[in-house]
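In what follows, a single structure is set out as structure tokens and then discussed.
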Amino acid sequence: MNLLKHYIMIFFVSMVPIVELRGAIPISQGFGLPLLQSYIICVIGNMLPVPVIFFFARKVLIWGKDKKFIGGFFTWCLDKGERGGEKLKEKAGKGLYVALLLFVGIPLPGTGAWTGTLAASFLDMDFKKSVIACMGGVLLAGVIMGVGSVAGVSFFNALF
């Protein structure tokens, strides 16, 4: 039962903005879960919100930007999405979908499926191509985080 709880936890952690799969895979390795199963669960969890983000997040953020308690945060999210989209468009030129894949795939702060999908939505990119690019990015980020996590846990175990 404890194993199931850990799998459910990493599934939901991988759905959380900012943390996403980048945080869920190291957590899975801290729990001692098998990497391949963790990777698959985290990829699914990270990709599950993508269609909702693409079609609805921008509308919700625009609706909430002038509301009393949430307006500041929603405005920040809108600005981040617009800046991310424009920066991606500037650097990418014709390789916009490859740039989106790399933006999502390189595990740096402020990048990931949530931000990448929001940027794709702001740029009115094709939904299907955007999802494929985000999926490629999530797969890449998962491999990078998996290798880093296994190495980190091995190093930590060797010290103690």
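The sequence shown maps to residues 759 to 918 in the numbering used here.
Positions of the beta carbon are idealized from the N, C-alpha and C atoms, including for glycine.
No experiment lies behind these values; they were computed from the predicted model shown.
Taken through DSSP and simplified to helix, strand or coil, SER772 comes out as coil. Note that the stretch 794-813 does not touch the stretch 835-855; fewer than 3 beta-carbon pairs, one per stretch, sit closer than 8 Å.
In this structure, the CA atom of LYS838 is about 26 Å from the CA atom of ILE768. DSSP places GLY906 within a helical segment (H, G or I) once states are collapsed to three. In this structure the stretch 890-904 touches the stretch 861-872; the number of beta carbon pairs closer than 8 Å is three or more. Rounded to whole angstroms, the gap between the alpha carbons of TRP872 and TYR855 is 15 Å. When the five nearest sequence neighbours on each side are left out, the beta carbons in the same chain lying within less than 8 Å of the beta carbon of ALA850 are those of VAL856, ALA857 and LEU858, in order along the chain. Burial is judged here by how many other beta carbons sit within 10 angstroms of a residue's own beta carbon; VAL801 has at least 16 and is buried.
In the structure shown, GLY781 adopts helical secondary structure according to DSSP, grouped into three states. Note that the stretch 873-888 does not touch the stretch 782-792; fewer than 3 beta-carbon pairs, one per stretch, sit closer than 8 Å. Secondary structure at PHE827: coil, using DSSP grouped into helix, strand and coil. Here LEU917 is exposed, its C-beta having fewer than 16 other C-beta atoms within 10 Å. In the DSSP annotation of this structure, the continuous segment of the alpha helix (DSSP H) that includes GLY874 starts and ends at 871-880. Contact between PHE832 and LYS823 holds: CB atoms are separated by about 5 Å, below the 8 Å threshold.
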